[in-house]
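Structure first, then comments.
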Amino acid sequence: MTLPSSQFPDLRDRGVLVTGGGSGIGAALVEAFARQGARVAFVDIAAESSLALCEKVAAQTGQAPHFIQADLRNVEAVRAAADEAVAKLGSVRVLVNNAARDDRQGLEAVTEESWDESLSVNLRHLFFMCQAVAPHMQRQGGGSIVNFSSIAFLLNMPEIPAYSTAKAGIIGL
Ligand SMILES: NC(=O)c1ccc[n+]([C@@H]2O[C@H](COP(=O)([O-])OP(=O)(O)OC[C@H]3O[C@@H](n4cnc5c(N)ncnc54)[C@H](O)[C@@H]3O)[C@@H](O)[C@H]2O)c1
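Whatever position you read off the sequence shown (first residue = 1), add 3 for the numbering used here.
Next up, the structure:
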């Protein structure tokens, strides 16, 4: 038996931007917002899974989400993606900063480069996406920003020190 899903009328026609929406939890969010009648854009570095998701959601809801291919490690690309989402959706009232990459690399293996890489893929873009989207939300009278952390940093996991640091930083943000 398929149960009817809940409907949240305040999401109908809302502009929603999800980062890392091409697969995993982000893809489930893109689908779920689209089923609520929201106008959804998502950013992802991976084209294949993202385009497949667009087709799937279009078949389910009659409307494809707007896919923006971008590497969120690049701050200029973050700003351009925010502008593209606002232009495409008219406004962004919900931002879900979800994109991350939990590379396994323990204490001895971490280098300056891999540390910076982890913080750029797991922390930096969240701030710059907030900074880019917040003025649009303010002009629209408000909005919601959801930043994805992880309980990983509470668990003392030895194989992901940089990821855990980034996820703890998101709590500060
Ligand atoms: N899966 C879990 O068990 C778990 C647990 C705690 C927290 N989280 C958090 O939930 C969020 C989603 O997790 P997930 O398991 O769905 O992750 P995932 O790895 O399945 O998906 C992440 C998405 O981000 C995209 N991405 C990665 N690097 C990118 C980049 N440089 N530019 C643009 N897009 C990029 C990937 O292509 C992918 O589509 C993350 O923030 C993660 O830290 C997940």
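Where a beta carbon is used, it is the ideal one built from N, C-alpha and C, also for glycine.
**Asked** Would Q93 pass as a contact of G18 if the rule is Cβ separation under 8 Å?
**Response** Here the sequence assigns Gly to residue 93, which means Gln is not the residue at that position. Yes, the Cβ-Cβ distance between G93 and G18 is below 8 Å.
**Asked** Among G27, I28 and A61, which one has its Cα closest to the Cα of A37?
**Response** A61
**Prompt:** When every heavy atom of ligand 1 is checked, does at least one fall within less than 7 Å of the C-beta of F151?
**Reply:** yes
**Request:** Check whether the Cβ atoms of G25 and S53 lie closer than 8 Å to each other.
**Result:** yes
**Request:** Could you pull out every residue in the same chain whose Cβ sits closer than 8 Å to the Cβ of V89, ignoring the five residues on either side in sequence?
**Result:** G18, V95, V136 and H139
**Selection from C133, Q143 and L75 that minimises the alpha carbon distance to S121** = L75
**Request:** Please determine, among A41, A85 and L110, the residue with the shortest C-alpha to C-alpha distance to P68.
**Result:** A41
**Prompt:** Near C133, what residues of its chain come up, given a Cβ to Cβ distance below 8 Å and the 5 sequence neighbours on each side ignored?
**Reply:** L98, N100, I148, N150 and L176
**Request:** For the alpha helix (DSSP H) containing S121, list its first residue and its last residue.
**Result:** E115 to L122
**Prompt:** Count the other CB atoms within 10 Å of the CB of D47; is the residue buried (16 or more) or exposed (fewer)?
**Reply:** buried
**Request:** Might you give, ordered along the chain, the residues of its own chain that have their beta carbon closer than 7 Å to the beta carbon of F130, omitting 5 neighbours on each side?
**Result:** L176
**Asked** Smallest Cα separation from L110: which of A171, A80 and S167?
**Response** S167
**Prompt:** Which whole-angstrom value describes the C-beta separation of I71 and A84, a residue pair presumed to lie in contact below a C-beta threshold of 8 Å?
**Reply:** 5 Å
**Asked** Can you tell me the Cα-Cα spacing of A35 and V43, whole angstroms?
**Response** 10 Å
**Asked** From which residue to which residue does the alpha helix (DSSP H) around D86 run?
**Response** V78 to L92
**Asked** If you follow the beta strand (DSSP E) that Q72 is part of, which residue opens it and which one closes it?
**Response** H69 to Q72
**Request:** Mind reading off the beta-carbon distance from R107 to E162? Whole number of angstroms is fine, and I expect it under 8 Å.
**Result:** 5 Å
**Message:** Rounded to whole angstroms, what is the Cα-Cα separation between D119 and V21?
**Reply:** 23 Å
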